[in-house]
Amino acid sequence: MKLHIVGRSLEITPALKTFIEEKLERLKKRSKHISKINITLFVEHLDQTAEATVHLDGKELYAKATANVMYDAIEALVDKLAGQLTKHKEKTRGS
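Letter by letter, the sequence shown follows residues 103 to 197 in the working numbering.
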């Protein structure tokens, strides 16, 4: 799985990158079909926002989360993506 992290108006520190990688382990466990994840982190006014696109076999999942603290936004983002992966898995299993 390829991981691409971009910061807009925000520096991606080694600690932040490690935190993201650790949180994404949860997604890897849910699906072996993830080929690439693009994450963009940015700050607008007081809002810290994390958005991601997960590339699966022929499908893309997108989620966005905003919080007062970037780490909280990342956790919320991963929660949303985990839910989408579960739904995707159920759909593909049911068809």
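Note that beta-carbon positions come from the ideal geometry of N, C-alpha and C, so glycine has one too.
Residues of its chain near residue i, where Cβ-Cβ distance is below 6 Å and the 5 sequence neighbours each way are ignored
{"i": "residue 162", "result": "155"}
Span separating the alpha-carbon of residue i from that of residue j
{"i": "residue 185", "j": "residue 119", "result": "22 Å"}
{"i": "residue 136", "j": "residue 190", "result": "12 Å"}
{"i": "residue 66", "j": "residue 129", "result": "Since the first residue of the chain shown is 103 and the last is 197, residue 66 is not available in this structure."}
{"i": "residue 166", "j": "residue 146", "result": "14 Å"}
{"i": "residue 178", "j": "residue 125", "result": "10 Å"}
{"i": "residue 188", "j": "residue 182", "result": "10 Å"}
{"i": "residue 139", "j": "residue 127", "result": "12 Å"}
Assigned exposure category for residue i - 16 Cβ within 10 Å defines buried
{"i": "residue 148", "result": "exposed"}
Selected residue, minimal CA-CA separation from residue i, among the options
{"i": "residue 144", "options": "180, 169 and 188", "result": "169"}
Coarse secondary structure for residue i, derived from DSSP in three states
{"i": "residue 190", "result": "helix"}
{"i": "residue 148", "result": "coil"}
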